[in-house]
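Trainee: In terms of the numbering used here, the sequence shown opens at residue 49 and continues consecutively.
Provided herewith is a single structure, encoded as structure tokens, for subsequent inquiry.
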Amino acid sequence: MDMIDYGKIIFDIKPAMKKYNKTRTYIKHACVLDNRVLKRYYEGTITKPDLEILARICYAIGCTLDEVMFYQPPEKRSIL
Numbered sequence: 049m050d051m052i053d054y055g056k057i058i059f060d061i062k063p064a065m066k067k068y069n070k071t072r073t074y075i076k077h078a079c080v081l082d083n084r085v086l087k088r089y090y091e092g093t094i095t096k097p098d099l100e101i102l103a104r105i106c107y108a109i110g111c112t113l114d115e116v117m118f119y120q121p122p123e124k125r126s127i128l
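Below, the structure is given as structure tokens:
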């Protein structure tokens, strides 16, 4: 059975950080996050996001969830 590409969820906190003038250091301390964890969210390489951490990041930045993540549809849509 072939795998169906459903697209993916992209995390990008950089634009919100810039918009609301927040630094990585500020978010790290405000959210009580390890550097490695914050780096994964910052670089968009997080594979299993934690909803509590996302809530803390949004709270610290002062943004909404849709400002730090979005859905990227597949290049070619498969018929189900």
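The C-beta atom is built at its ideal place from N, Cα and C for all residues, glycine as well.
In chain order, what residues of the same chain lie with their CB nearer than 7 Å to the CB of Ile58, ignoring the 5 residues before and after it?
Mentor: Answer for Ile58: Gly92, Met117, Phe118 and Gln120, listed in chain order.
Trainee: Excluding five sequence neighbours on each side, which residues of the same chain lie with their C-beta closer than 8 Å to the C-beta of Gly55?
Mentor: Tyr119, Gln120, Pro121 and Pro122
Trainee: Roughly how far, in whole angstroms, is the beta-carbon of Glu115 from the beta-carbon of Ala78, given that I think they are within contact range, below 8 Å?
Mentor: Contact flag wrong, Cβ pair sits at about 16 Å.
Trainee: Between Asn83 and Leu102, what straight-line distance do the alpha-carbon atoms span, to the nearest angstrom?
Mentor: Cα-Cα distance, rounded: 15 Å.
Trainee: With a threshold of 6 Å on Cβ separation, who are the neighbours of Lys76 within its own chain once the five nearest residues in sequence on each side are excluded?
Mentor: Cβ within range, chain order: Leu86.
Trainee: Using C-beta distances below 7 Å, list every residue in its chain close to Arg72, excluding the 5 sequence neighbours before and after it, in chain order.
Mentor: Apart from the 5 residues on each side of it in sequence, Arg72 sits with its Cβ closer than 7 Å to the Cβ of Leu86 and Tyr90 in its chain, given in chain order.
Trainee: Any idea if Ile61 is buried or exposed, counting beta-carbon neighbours within 10 angstroms, 16 or more meaning buried?
Mentor: Buried: at least 16 other Cβ atoms inside 10 Å.
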